[in-house]
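Notes for the one structure printed next.
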Amino acid sequence: MNIAVEIRDVAPETLSTLLPTASQAGPAPKRIVVGYGFWIFLLSDIVMFAALFAAYAVLVHATAGGPAGPQLFSQVNVAIETACLLVSSYTCGLMALAVNSRRRGAFYVAAVLTFVLGAAFLALEIREFADMIARGATPQTSAFLSAFFTLVGCHGLHVAVGLLWLVVMMAQVAVKSFQAAVVRRLLCFSLFWHALDIIWVALFTVVYLMGVRA
Amino acid sequence: MNQTATNTPALAQEGPSGALVYTTGLVLAIILTATSFWAANTSLIWAPGIALGLAVLAIAQMGVHLVFFLHITTGPDNTNNALALAFGVLVVFLVVAGSLWIMGDLNGMMPAAGSMRMPMHH
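The listed protein sequences derive, respectively, from chains H and C.
If you use my numbering, the first sequence corresponds to residues 371 to 584, in order.
If you use my numbering, the second sequence corresponds to residues 1309 to 1430, in order.
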């Protein structure tokens, strides 16, 4: 494109009319604004998780004579949880593609797969928590376990909320089909679900993989 | 501006290449996750270096998720999202590194273990 040549030929005062600024182009489409706003919320959520990570890292050795990470964590369990959440993030991406091309059948298949994998992750985590508590490793036992249950439990709570949200979105697609507002909510949901997987990457690395070495 | 042509964090590049982008991301994430689990259990790596290696692998995987799943790129339509992310990363770094630095410093100034009952001992 020889647009630079054309611009050189016009007088400076007409340049502003030739290249409209952001405000002249009018407000951004609602889809962009909603996505940006929800991204800001997710970043604030990540900052909250950063505080929980910092608390965990400070308190990880404060076991108060109770059990420490290597006696409590099962790497096989964590590997299966990680696989469930990673593949559910992938199926969530396929769900977003189905929404964009308005394929209802593909949307339902991907949404149900995402839900099943997310629910499997949550079930494994609840079983792990129940097993730890049955062995006497309760949140009251030590500062380390308080920080552990707060950090991992907060992530699990986010996953539970995400599952509920996904069910609501499937019902909304069933009733309202792909209206603009429903598509925007689905955009926010997939952002939320991918962000949870990013937090889980930090979580399994810091808590479980570094924990079994210590 | 056409709504479908604009770029948003997720659900951005619709079209035939969309599934390929997600599949590429999935394959890269699986490779990085598998490497993390291997590195945590191997005896081939100098033990004190493993934590650093795991941190590098985790940051790389978060980058893969951001680019291939959330579609945060450096493209012109994505400037606001990338700038917000940069600020978020700054705050996360300050909170985590600052907490560890200050609490580590406080622990270092505590009397030695044994002379006093301490809530935290490293």
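Glycine included, each C-beta is placed from N, C-alpha and C at the ideal position.
For clarity, every value in this text was computed on a predicted model and none was experimentally measured.
**Q.** Limits of the unbroken alpha helix (DSSP H) element including Gly1450 of chain C
**A.** The structure shown has nothing for residue 1450 of chain C, since chain C only spans 1309 to 1430.
Q.
Can you give me the C-alpha to C-alpha distance between Met371 of chain H and Ala1394 of chain C, rounded to a whole angstrom?
A. With a pLDDT of 42 at Met371 of chain H, under the threshold of 50, the modelled position of this residue cannot be trusted, and the question is left open.
Q | Rounded Cβ spacing between Val1404 of chain C and Phe477 of chain H (contact assumed at less than 8 Å) | A | With a Cβ gap of about 38 Å, Val1404 of chain C and Phe477 of chain H do not count as contacting.
Q: On a CA-only basis, which of H:Val543, H:Val577, H:Val529, H:Leu573 is nearest Leu561 of chain H? Give me that one, please.
A: H:Val529
(Q) Give me, in chain order, the residues of the same chain whose beta-carbon lies closer than 8 Å to that of Ser1344 of chain C; leave out the 5 immediate sequence neighbours on both sides. (A) Leu1362, Leu1365, Ala1366, Gln1369
Q. Do Glu451 of chain H and Phe491 of chain H have their C-beta atoms within less than 8 Å of each other?
A. yes
Q | C-beta contact flag for Ala1390 of chain C and Leu413 of chain H at 8 Å | A | no
(Q) Mapping the DSSP letters down to three states, classify Arg505 of chain H as helix, strand or coil. (A) coil
Q: Could you list which residues in chain H have their beta carbon closer than 9 Å to that of Ala1390 of chain C, in chain order?
A: Within chain H, no residue comes near Ala1390 of chain C; the closest Cβ sits about 10 Å away, beyond 9 Å.
Q: In the DSSP assignment, find the alpha helix (DSSP H) that holds Leu1378 of chain C and state where it starts and stops.
A: Careful: Leu1378 of chain C lies outside any alpha helix (DSSP H) and carries neither H nor E.
Q | Span of the alpha helix (DSSP H) around Gln510 of chain H | A | No alpha helix (DSSP H) holds Gln510 of chain H; DSSP gives it neither H nor E.
Q) With a cut-off of 8 Å, does the C-beta of Ser459 of chain H fall near any C-beta of chain C? A) yes
Q: Anything in the segment 1339–1356 of chain C with a Cβ closer than 7 Å to a Cβ of chain H? List those residues in chain order, please.
A: Thr1341, Ser1344, Phe1345, Ala1348
Q. With a Cβ-Cβ cutoff of 8 Å, do Ile402 of chain H and Ile569 of chain H count as a contact?
A. no
Q: State the DSSP-derived secondary structure class of Thr1332 of chain C, mapped to helix, strand or coil.
A: helix
Q) So, helix, strand or coil for Ile1353 of chain C, using DSSP? A) coil
Q.
Distance check for Ala438 of chain H and Phe578 of chain H, CA to CA, integer angstroms please.
A. The residue you asked about is not Phe; residue 578 of chain H is Tyr in the sequence shown. If you take the alpha carbons of Tyr578 of chain H and Ala438 of chain H, they lie about 11 Å apart.
Q. Between which two residues does the alpha helix (DSSP H) containing His564 of chain H stretch?
A. 550–573
Q: Could you pull the start and end residues of the alpha helix (DSSP H) that Ala468 of chain H belongs to?
A: 445–470
**Q.** Pairwise C-alpha distance: Val545 of chain H and Tyr426 of chain H
**A.** Spanning the two alpha carbons is a distance of roughly 44 Å.
Q) Just reading off the alpha helix (DSSP H) that Thr425 of chain H is part of, what are its end residues? A) According to the sequence displayed, residue 425 of chain H carries Ala and not Thr. Run containing Ala425 of chain H: 400–429, per the alpha helix (DSSP H) assignment.
Q.
Against chain C, with Cβ distances strictly below 8 Å, would Val482 of chain H count as a contact?
A. no
(Q) Would the segment 1333–1344 of chain C count as touching the segment 1352–1359 of chain C if we require 3 or more Cβ pairs under 8 Å? (A) The answer is no - the segment 1352–1359 of chain C does not touch the segment 1333–1344 of chain C, with fewer than three Cβ pairs under 8 Å.
Q: Identify which residue in H:Gly523, H:Gly463, H:Ile503 has its Cα closest to the Cα of Ser1325 of chain C.
A: H:Gly463
(Q) Within 8 Å, do at least three Cβ pairs link the segment 504–521 of chain H to the segment 467–477 of chain H? (A) no
**Q.** 7 Å Cβ cut-off: residues of chain H touching Ser1407 of chain C
**A.** Ordered by position in chain H, the residues that pass the 7 Å Cβ test against Ser1407 of chain C are Ala424, Val428.
**Q.** Secondary structure of Pro440 of chain H, DSSP reduced to three states
**A.** helix
Q. Does any C-beta atom of chain H lie closer than 8 Å to the C-beta of Leu1360 of chain C?
A. It does not; no Cβ of chain H falls within 8 Å.
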